[in-house]
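Shown next, in structure tokens, is the structure this report addresses.
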Amino acid sequence: MVKARDNNIVINKAVYLVIGINMEGKKELFGIWISKN
Numbered sequence: 013m014v015k016a017r018d019n020n021i022v023i024n025k026a027v028y029l030v031i032g033i034n035m036e037g038k039k040e041l042f043g044i045w046i047s048k049n
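Be aware that the sequence shown starts at 13, since it is given in this note's numbering, and climbs by one per residue.
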């Protein structure tokens, strides 16, 4: 959970990360999504 400001109100939002391993065996970040709470 992260804190975000929305209309001068601080709210908690979930952050989703998609991480995978490429063909060379290295980690890569494929995407980031933030919930619309």
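The beta carbon of each residue, even a glycine, is placed where N, CA and C say it ideally should be.
Closest in C-alpha terms to Val30, from the list Glu40, Ala16, Lys15, comes Glu40. Distance from Ser47 to Lys25 at the Cβ level is roughly 5 Å; contact confirmed, criterion being Cβ atoms closer than 8 Å. For Gly37, the three-state secondary structure derived from DSSP is coil. Assignment of Lys15 by DSSP, reduced to helix, strand and coil, places it in the strand class.
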